[in-house]
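Each residue of the first sequence is one higher than the one before, counting from 87 in the numbering used here.
In what follows, a single structure is set out as structure tokens and then discussed.
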Amino acid sequence: MAQDREGPPAKRFKAAAQPQGHTPPAHVQRRSLPIAAARGPLLARLRRLDSAVLIGETGSGKTTQLPQYLYEVGIGHPGLIAVTQPRRVAAVTLAARVAEEKRTELGKLVGYTVRFDDCTSAETRIRFLTDGMLLREAIGDPLLQKYSVVILDEAHERTIHTDVLFGVVKAAQRKRKERGLKPLKVIIMSATMDVDLFSQYFNGAPVIYLEGRQHPIEIFYTKERQSDYIQAALVSIFQIHQEAPACQDILVFLTGQEEIEAMTKTCRDISKHLPEGCPRMTVLPLYASLPHPQQLRAFKPTPEGCRKVILSTNIAETSITISGIKYVVDTGMVKAKKYSPDTGLEVLAVQQVSKAQAWQRTGRAGRQQSGICYRLYTEEDFEKFDEMTTPEIQRCNLASVVLHLLALKIPNVLTFDFMSKPSPDAIQAAIDQLDLLGAVTQKEGQLVLTPLGKKMAAFPLDPKFSKAILLSPKFHCAEEILTIVSLLSVDSVLHNPPAQRDEVQAVRKKFISSEGDHLTLLNVYRAFKNVNGHKGWCKENFINGRNMRLMAEVRAQLRDICVKLSVPLESSRSDTGNIRRCLAHSLFMNAAELQPDGTYSTVDSHQAVAIHPSSVLFQCRPSCVVFNGLLRTNRCYMRDLCLVDADWLYEAAPDYFRRKLRTARD
DNA sequence: GAGCACTGC
């Protein structure tokens, strides 16, 4: 920790631009929102347009007001107005807010639809829903005929679902026009100024700007490049702490749990030894895997004379809003996932944020009063940041996206009209994967779903897991596979507080299966069911009860789909061999073999891999395993392993392994 | 031999 002799970085900041952006307090009446002044002309314009791009700063009221305006003047009548959101909470709270403003009961005129929760009725005209939900609806109705207006909100976030929806609504709009059906109005709403892409994509749709109400934010850059952003952040925090009034809170953006926990400790230690007269300091970590009650602490106001310092991941960038933040300290770093289609490898790495992300972070300072943002990088470096974060669709395994597009009967997925095209390699890799799973086939020169593929598309799952479910009757273990797949599609039900590591290990022993992680999870679930999900039991056994209940909802949903598809549901009871066979048959492309030197090599691409330390097989050396996925951090790790017989793999996909052997020989 | 950002159906 090299202390800078010229003084801490904060002293060397220089002032720069003042951006805008903001949120009004909840009590602000509809009519005083900035958008209200523009209502007449806005509606006159929108009435004539097929598509429009609406840029509104936070606090312009666009999301709550526009759907009501459209409804009030009968634009899109008859038919529904859909407003999509990337997050569930947003869909629910916005619907509640708008229902209240319209003085109606939620679920009547105004409703919402999210997974596991549909609060709409025949009367509903304005429907808030998650983008994933609208996408799923599109499988049954690619022309989205229920809707006369679709508003895609938070478009700048570019979630994988929004990106696919762009193409789906554009196609639906065009087809409805061609067939002389009721027109579909598409409105893209975004918070950022990067609008050319949206406008161009929607055939040159006009861009309409809405004013917001943002308090000014003063931005400071470092004068010199910082070699250690953590050290720089520490110095900045205590610089602010010594100079600013105690009522002004600080939000610091860091990259991950470990870093945040370490820094929390350091800050707490330092704050104990501050000079007399310095305000007290409460340091609070904030990241997604932090148990909910602990997350809530970040929202509580601190007592007078005490400053709140929140050390957060990018969860505070979009998902969580904390009021009363005066200072933002932006390290300019983020931990993000990338995907390489050739190796099937996910890489989780710390990298620089984009300019858009930096602005988003900065904006967290000026929500209720003027704010100050310290950027722990130079202005020159900032200018070199990427303009936008790479859209998720260019960073992901596309297997489920391609399966979804085929279910929507898109004629050629390789030429699908994406706003930002994923690489052809990534699409081809997804097609190959679906081919291996038996989900696709060529018909008259076109890629189409097989009957199995159609069934797979019915599940909201990664295709290899849908395949596992659909294969399970053959192995008489559908109930068990449903459980395992459900457990794998929620956040971990195993709670691992680092401070109680030994205790956790001791108590977890009884669940561990030498056959791997999948069967260990199954044991946990069975034990959980045996005690009816008893809360005390969860606590004693370090089981996350909330994720367990969520898992049960997922399981029920998947089970319903099985029933609809007439998948026979049987239990294998104590026979675990069949369960592992079923997993081998659906995860065969993710297999690895023990090498003579004690390392592992993937069967698919002969990549050197290791067993992830979180796996129950970490200290074992099974000769052959299948795994859920690969993750590269410091090394390349297999996650969620299941012990299998090498013979089962060959039996699962003889053609594939024959091909592999041939390539290996060449 | 040692580790995991964030959403969503």
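Backbone N, C-alpha and C fix where the C-beta goes; we use that ideal spot for every residue, glycine too.
Because the structure is a prediction, the values reported are computed rather than measured.
- Close CB contacts of Glu209 within its chain, under the 8 Å cut and outside five residues either way in sequence, are with Lys194 and Leu195 (chain order).
- Around the CB of Gly457, 16 or more other CB atoms lie within 10 Å, so the residue is classed as buried.
- Excluding its 5 nearest sequence neighbours in each direction, Ala739 has C-beta neighbours in its own chain below 7 Å: Leu522 and Phe674, listed in chain order.
- Inter-segment contact for the segment 556-567 and the segment 647-666 is present: three or more beta-carbon pairs are separated by less than 8 Å.
- Distance from the CA of Ala638 to the CA of Ser572, rounded to the nearest whole angstrom, comes to 8 Å.
- A residue is called buried when at least 16 other Cβ atoms come within 10 angstroms of its Cβ; Cys728 meets this threshold and is buried.
- When C-alpha distances from Glu344 are compared across Ser357, Asn582 and Asp503, the shortest belongs to Asn582.
- With respect to the C-alpha of Glu465, the residue from Tyr307, Asp690 and Asp726 having the closest C-alpha is Tyr307.
- In the assembly as shown, Asp548 is a buried residue. Its beta-carbon has 16 or more other beta-carbons within 10 Å.
- Between the alpha carbons of Lys232 and Lys263 lies a gap of roughly 15 Å.
- Within the segment 494-542, the complete alpha helix (DSSP H) runs of at least 4 residues fall at 510-522.
- Residues of the same chain with a CB within less than 8 Å of the CB of Arg635, apart from the 5 flanking positions on each side, are Gly619 in chain order.
- Taking 8 Å as the cut-off, the beta carbon of Ala258 is found closer than this to the beta carbon of Pro228.
- Rounded to whole angstroms, the gap between the alpha carbons of Arg117 and Arg299 is 14 Å.
- Met474 carries a coil assignment under DSSP once its states are collapsed to helix, strand and coil.
- Taken atom to atom, the span from the alpha-carbon of Ile346 to that of Lys309 is near 25 Å.
- 8 Å or more divides the Cβ of Thr350 from the Cβ of Pro377.
- Short of 7 Å from the beta carbon of His562, and not among the five residues preceding or following it, lie these beta carbons of its own chain, in chain order: Glu656, Ser658 and Asn664.
- Assignment of beta-bridge partners to Gly142 by DSSP yields Leu296.
- DSSP places Leu735 inside the alpha helix (DSSP H), whose first and last residues are Ala732 to Ala738.
- The Cβ neighbour count for Cys722, taken over all protein chains shown within 10 Å, is at least 16; the residue is labelled buried.
- Met419 has Gln438 as its beta-bridge partners, per DSSP.
- Contact check between the segment 201-220 and the segment 163-177: three or more CB pairs, one atom from each, fall below 8 Å, which counts as touching.
- Setting aside the 5 residues that flank it on each side, Leu238 is surrounded in the same chain by Thr170, Asp217, Thr248, Leu251, Phe252, Val255, Val272, Ile273, Ile274 and Met275, each with a C-beta closer than 8 Å to its C-beta; the list follows chain order.
- Counting C-beta pairs with one atom in each stretch, the segment 401-413 and the segment 441-451 have three or more that are closer than 8 Å, which means they touch.
- In the DSSP assignment, Leu370 is bridged to Ile396.
- Residue state for Ser207 is assigned as coil, using DSSP reduced to three classes.
- For Ser652 and Val576, the gap between their C-alpha atoms comes out near 25 Å.
- When DSSP reads this structure, Phe704 sits in no beta bridge, so it has no partner.
- In the displayed model, Tyr287 falls within a helix according to three-state DSSP.
- Setting aside the 5 residues that flank it on each side, Ile513 is surrounded in the same chain by Leu484, Val488, Val499 and Leu500, each with a C-beta closer than 7 Å to its C-beta; the list follows chain order.
- Only residues of its own chain outside the window of five on either side were considered, and among them Thr429 have a CB closer than 7 Å to the CB of Ser691, listed in chain order.
- Contact between Trp734 and Ala670 is confirmed by a C-beta separation of about 4 Å, below the 8 Å threshold.
- Sixteen is the threshold: since fewer than 16 other Cβ atoms of the shown chains lie within 10 Å of the Cβ of His163, the residue is exposed.
- The three-state secondary structure of Lys625, taken from DSSP, is helix.
- For Phe214, the enclosing beta strand (DSSP E) covers residues Ile212 to Thr216.
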